[in-house]
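Report on the structure given below.
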C-alpha cells in the first residue's frame, strides 16, 4: 500500500490537471474568464507599452472630452478625458495595476496565511484547532467592509496598507476552506494508510494534502480576487484607498460621480472595467471549481 | 439540545469579548489614541480631561477592563463631531438601517430563492444560464455605482421614485416608509440576492441528486410534488445559515447606499464618521455592527439545529 | 474655509458704504431711523416689480443641506450650512439688509459715546422668545455672558466687548474692549440673542441641539440624519412675516443626489451644486439656477514661519514667477465650466478699497522662467505641497493642476492630499509643508475683509497663518485705528497693492457659487458667503 498509493495519488492529480486544460478550452465561460484574467494581467504589466498616453499627463484645454464615438470625440483620447484632461483609457489601463495589485497581493497574503493556519488547525487539531477556529470566527463575525474601513481610517491610506488590510481580513475565508478540506482528507483511507506505513508527517502534508487543496483554494482565490477589486473600489469611493492622482478604478468612479449626467464616460468606463474584471474572474472561478474540484464533478471516478 | 444552545451562547459571548478586543486594539494601532479620540481644537486642559475620561492614563489592562464594562452598557464615549454620547447618536439612526435591511432581505429572498430554484430545476438549460448570468452581474456590479445610476434612471428620468431620503406615511400611529425605500433597498439587495440565488441553485442540485428523491421520482411522483415536498424543504435548512451570512453584506452595503440616497441610517452615519475621523463613533458603530452579526449567526445556528430533524432527534449526522 | 465665514457672525452683503463709520466718527449722533419694517429690502431687482410673482402667504419650503448638521445654534454652527439653519431662529440687535445697509432689528436705535468705545442700544418693545420669555436688556447681558464661554465655537465675537450693562429693561450699553471701527457690525449683527431662563435650564450642549430664539421660525423637530423642521413663529416681531408656514431642512451629502432632488422638485432650494450640475440643470423645467460670485478666494499659500524658512519661496521673484506659471483661466474652464474669476489678491471686487486696476497675474510661463533665473533658480527646485481632500469642490484636482503647471517651469512639486480635518489641524499648528492649498471666505463688509487678511497673514498671532509680512502688519494695524471711512478704504487699497506685488500666495480663483431653486420659490436672496434669510421668502402655488 506504500509506493502504489502515493504514485496513484500523484498520477491522479496530474491526470486531473491535463483534463482540466482541455476542459478549459472547451468551456466558453471558463475560456472567457481566463481570457479576461490574462488581458487584465497583461494590461497591468505592460501598461507603459499599451497605454496611449501618460495617465498623469494633464491637458486642461482638452478636459472633459467625450469618447471617440460621440460628437467632439476623437481617437486621440479614445475613451475621452477626465476633468483635468487626462486620458481615460490610459488611466483605466494603469488602474488595472492598482486593482490587480490589491487582488493578487491581498489574495496571496490571505491564501498563504489561511493555508498555513488552516493546515495546522485541521491536521493537528486539539488546542491549536480550537484557538485558531475561535479567532477565525471572530474576525469573520465583523462585516468585512466595516473592518476594512475602520482599519483604513486609523492607519491611513496607501496602496500597501490597503493590500495588507485586505489580505489579513480575508484570511478567515481561506482558513475555513483549508481546514474543512483537511478535516475531510485527514480521515480518508489513503492518508490513514500512509501514516500507518510511517510516511513522515511533513511528506503527508506536502505530497498529499496540499495538492488536493489546489482545487478548492484556487476556486476561492479567483472569487476573492473579484471581491477585492470591488472592495477596493468601494474604499476609493470613500477616499480611503490610494491617493486621488494615482489612477484606480474606484478613484475614477468617485471623481466622476458629480458629472455622471453630463460627462458619463468618466464614471462609466471604470465601472464597466470593474464589472468585466469581476465577471471574468467569477467565470474563471466557476470553471475552476467545476473542473478541478472533485466534489462537484459528476463524472464517476 | 438545550446544551447545544447554551454552548452556542457561551461561544457567542466569547466572540463578543473577542470583538471588544479587536475594536480596542484597532483604535490603539497607530500609537497614542488621544489624537483620535479628542476633538481637534481641544485645549490642553480639555485633552487631559478626555484622557482621564477614556482612562488613557491608566495601564492598558485597566483600560481594557473599563472599556469592556462601558461597552456592555453601549457606552463608547462622546462623538467628536456631534458632542453627544455615541450611544445616543448611533441608536437613533439604527431603526432606519434595520428597515432598509429588512426590505432588502425581502427583495433578496423574494427574488433570489425562486430564481435559484428555477435555475436548479432547469440546470444546464438556457434559463439556467440567463439566471446565473444575472446572479453574476449582481455580484460584480459596485453597489455605490449602481445607486448613482438608479437615481439617474428611475428618479430623475422616469420619476417613478424620489431621488433621496426616507419619507413615511402613518398607519395606526406608526410611521411606515413609502416608495422612497424601493431604490435603496433594490441596490442593497443585489449582492445578497445573487448569493442566495447561487446557493439555492446548488442546494437544489445537490438534494435533487439524493437517493430518496430519485426513488420518489422513479415511483412516479410528479416532479413538482417531489420538489415541493422533499427538495425545497431540505434545501431550506442550510439556507438559514446563508441568510445569516447576508446580514454582514447588508451592513456593509448600507454604508455606501445610505450615503448616496441620504437614507438616515447608521450605515451612512458610519461612512460620515469615518470621513470625519470621528473615532469614538466609528468604534461604537463597528462594535454594534459586529454584535448584530454575531447575534444573527447564533440565531441562525440555533434555528438550524431546531429545523434539522436529524440533529433534533439526536441522530448522528 | 467654510467655518470661518461665521467668525464674526453672519452679516452684510453687496458693496455698500459703511454707515457705521459715519456714526462712529460723529459724536452722539442718533443711529439711522428704521425704515418701514414691512419692506423686506426690496430693491430694483425686487420681487414686487410689476409682472414678477408676488410672495404668497403660507406654504412649506424644503431646503437641502450639503453636510450633516451637528449643532444648530448660531455661535456653535460649524459652517455656513448649519448657520443657515440656525439663523432662521434668531435675531440680533441690528440687521444688515440685502443692500448692505444697517437696519434696526432687536434694537430700535443706538448711540455712541464720544470716545467711540461705548454703544447704547434702545431695545424694541414687545419682543418675545419662542418659549414666551420676554426679550429685554437682561437677555442681552445674559447672552454676552454665556456667549463668552470658550466652549462655544465663536466665543471670540463676544470677547470684543469688555462689558455689558443693563441700564433699564429697554436700554443696554455695550463697551468695546479696544478701539474698533467695526464694532457695531461685529457685535450688533454677530450676537444672536438667547433666552436667559431657558438657556440656564438646559445648558450649552442641549441648547446647541434645540435652540430657542426670537427669530421668525421655531424648531419643531430634529430627526438626526433625516430632517430639521422649523415652523412659523406666530409672535414674530416683524409684522406680516415670516411668509412661510414651515421650513424643512434635509441633509443630502451626495452632490449629484442634491441636484436630482431639485430636479424632481422633492427639494425647493439647493446650495453647493457642482459646475456640471449647473450644466445639467440649466435647461431643466421648473428649476431656476442661482449663481453668484462667492466672496471666497482660493490660493496656494507660502510659508515663511516654519517649513518655508530657507526655501527659494522666500524670494519675492520666485513667488511672482510661480504666480505667472499658473494658467488660471484654463483651470477655471476645465474644472468649473468657466464659472469663476481669476483672483488678484486676498481682496475681492465687493471689498472696500479693492483696486480694479490691479489685474490678476496672467499666464506667462516665459516670464515665470525668466524671474526664476533672475532669482538664481534657472534649474528649478523641489518643494512639498499639501491640500485637503473633500473640503472644496474639485479642489484636489486644482492642486493637481497647479503641481503639474509648476512642474512645467522646473519646480518639482510633491503633492500630498490629506483628510481635511487632519489638514486644518496641522495648519493650526503651522506644521504644513512649504506650500499648501486652501481658501478663505469673507462677507462684503470691512470687518470680515479685515478678518480674512489677518487670519491668513497675521503671522505668529493668527492660528492658521503661515506667512508674516511686517508691511502687512503695519497696514492691518492702521485699519484698526483709522476711524475715517475714506482713509480706511485707501489703507485697504494699499493692502491690495502689497498683497499683489509681494505675493504671500499663488492666487487662484474666486468661484461662482451655484445654487438652484424650484420655480415656485420667490424672493430667495442669498448673500455672497452662501448665507440666506428665509423670513421674506415665499412659495407660490
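Residue numbers (our numbering), protein chains in the order written: chain H, 1 to 301; chain S, 1 to 317; chain C, 1 to 541. Cβ atoms here follow ideal geometry from the backbone N, Cα and C, with glycine treated the same way. Just so you know, these numbers come straight off a predicted model, no measurement behind them.
> Does the segment 370-389 of chain C come close enough to the segment 70-79 of chain H that 3 or more CB-CB pairs lie under 8 Å?
Replying inline: no
> Does residue 519/C get closer than 8 Å to chain S when you measure Cβ to Cβ?
Replying inline: no
> Looking only at C-alpha atoms, which of 141/S, 261/S and 89/S sits nearest to residue 268/H?
Replying inline: 141/S
> Which residue comes first and which comes last in the beta strand (DSSP E) that contains residue 119/C?
Replying inline: 118-123
> the segment 138-164 of chain S: which residues have C-beta closer than 8 Å to a C-beta of chain C, in chain order?
Replying inline: 148, 151, 152, 155, 156, 159, 162, 163 and 164
>> Taking contact to mean 3 or more Cβ pairs, one atom from each stretch, closer than 8 Å, check whether the segment 160-171 of chain S and the segment 254-271 of chain S are in contact.
In response: yes
> Which first and last residues belong to the beta strand (DSSP E) in which residue 192/C is found?
Replying inline: Segment: none, residue 192/C is in no beta strand (DSSP E) and carries neither H nor E.
>> Would you say residue 82/S lies against chain H (beta-carbon separation less than 8 Å)?
In response: no
> Between the C-alpha atoms of residue 112/S and residue 193/S, what's the straight-line distance to the nearest angstrom?
Replying inline: 5 Å
>> Please tell me whether residue 196/S and residue 120/S are closer than 8 Å, where the distance is taken between their beta carbons.
In response: no
> Taking the runs of the beta strand (DSSP E) that are 3 residues or longer, which of them lie wholly in the segment 70-101 of chain C?
Replying inline: 94-96
> Using a beta-carbon distance below 8 Å, is residue 87/H in contact with chain C?
Replying inline: no
> Is residue 42/C helix, strand or coil by DSSP?
Replying inline: Only weak support is given to the placement of residue 42/C: the predicted model assigns it a pLDDT of 33, under 50, and the value that follows is read from those uncertain coordinates. Coil at residue 42/C, not helix or strand.
>> What residue range does the beta strand (DSSP E) around residue 221/S cover?
In response: Here residue 221/S belongs to no beta strand (DSSP E), and DSSP marks it neither H nor E.
> Is it a yes or a no for the segment 328-339 of chain C touching the segment 492-504 of chain C, going by three-plus beta-carbon pairs under 8 Å?
Replying inline: no
>> Taking 8 Å as the threshold (beta carbon to beta carbon), is residue 232/H in contact with chain S?
In response: no
> Nearest-angstrom Cα distance between residue 151/C and residue 152/H?
Replying inline: 31 Å
>> Checking the sheet assignment: what are the DSSP bridge partners for residue 458/C?
In response: 468/C
> How big is the Cα-Cα spacing for residue 544/C and residue 260/C?
Replying inline: Residue 544/C is absent from the model: chain C starts at 1 and stops at 541.
>> If you reduce the DSSP assignment to three classes, tell me which class residue 293/C lands in.
In response: strand
>> Between which residues of its own chain and residue 71/S is the CB-CB distance below 6 Å, once the five residues before and five after are set aside?
In response: 20
> Are the C-beta atoms of residue 396/C and some chain H residue less than 8 Å apart?
Replying inline: yes
> In its own chain, which residues sit with a C-beta less than 6 Å from the C-beta of residue 242/C, not counting the 5 before and 5 after it?
Replying inline: 216, 232 and 535
> For residue 381/C, does the count of other Cβ atoms within 10 angstroms reach 16, so buried, or fall short, so exposed?
Replying inline: exposed
> If we count the other Cβ atoms within 10 Å of its Cβ and call it buried at 16 or more, is residue 205/H buried or exposed?
Replying inline: exposed
>> Can you pull the chain C neighbours of residue 275/S, defined as C-beta to C-beta under 8 Å?
In response: 390 and 419
> Listed from N- to C-terminal order along the chain, which residues in the segment 317-336 of chain C have their beta-carbon within a distance smaller than 8 Å of any beta-carbon of chain H?
Replying inline: 327, 330, 331, 333, 334 and 335
> Do you know whose CA, among 280/C, 67/C, 84/C and 60/C, lies nearest residue 528/C's CA?
Replying inline: 84/C
> Within 8 Å (strictly less), CB to CB, does residue 224/C reach chain S?
Replying inline: yes
>> As a quick exercise: from 178/C, 61/C and 349/C, pick the residue whose alpha carbon is nearest that of residue 359/C.
In response: 349/C
>> Once the 5 residues before and after residue 220/H are set aside, which same chain residues still bring their CB inside 7 Å of it?
In response: 173, 174 and 177
> Measuring CA to CA, which of 260/H, 243/H and 257/H is closest to residue 98/H?
Replying inline: 243/H
> Does the count of Cβ pairs from the segment 437-451 of chain C and the segment 341-357 of chain C closer than 8 Å reach three?
Replying inline: yes
> Under the rule that 16 or more other beta-carbon atoms within 10 Å means buried, what is residue 153/S, buried or exposed?
Replying inline: exposed
> Looking only at C-alpha atoms, which of 175/C, 170/C and 220/C sits nearest to residue 164/C?
Replying inline: 175/C
> Just the Cα atoms here: how many angstroms apart are residue 2/S and residue 12/S?
Replying inline: 15 Å
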